[in-house]
Amino acid sequence: MESSLIATVTPEGNLELPSEIRKKIQAGEKFIVTLTEDTITLEKMNKFDWDDWEKRVEKAREDIEPMTIEEICEIVREVRRGNLY
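Below you can see the structure in the form of structure tokens.
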């Protein structure tokens, strides 16, 4: 459900949020602020989940095929020749 509410910028530069929004947030919560030409978007940040991150890293490792010694040596030769990076 999407609804539009009006927030006001105070003389001090703070954003005064409508009570409907204040009821849904807590002091200290963080938001990602995205700016475009004429739009400002606030997106609530989720707490970082270390367990989820670790699972994603492990899954990514499963998808990677280890390089052979020959492949590593070829990359080293290319770097030494100045052909890479």
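Position in the sequence shown counted from 1, then plus 19, gives you this note's numbering. We put the beta carbon where it would ideally sit given N, CA and C, even for glycine. Quantities reported herein were computed from a predicted structural model and do not represent experimental measurements.
Return the first residue and the last residue of the beta strand (DSSP E) that lysine 43 is part of.
Element bounds for lysine 43: n/a, residue is neither H nor E.
Let me know the secondary structure DSSP gives isoleucine 83 once reduced to three states.
coil
How would you write the range of the alpha helix (DSSP H) that isoleucine 25 sits in, first residue to last?
Premise fails: isoleucine 25 is in no alpha helix (DSSP H) and is neither H nor E.
Between which residues of its own chain and methionine 64 is the CB-CB distance below 8 Å, once the five residues before and five after are set aside?
Glu48, Lys49, Phe50 and Ile51
Look at the alpha carbon of alanine 79 and the alpha carbon of tryptophan 72, and state the distance between them as a whole number of angstroms.
11 Å
Looking only at DSSP bridge pairs, what is glutamate 35 linked to?
Thr27
Mapping DSSP to helix, strand and coil, what is glutamate 73?
helix
Starting from glutamate 62, follow the beta strand (DSSP E) in both directions and report where the run begins and ends.
59-63
Going by Cα to Cα distance, which pick from Gly32, Glu39 and Val28 is closest to serine 22?
Glu39
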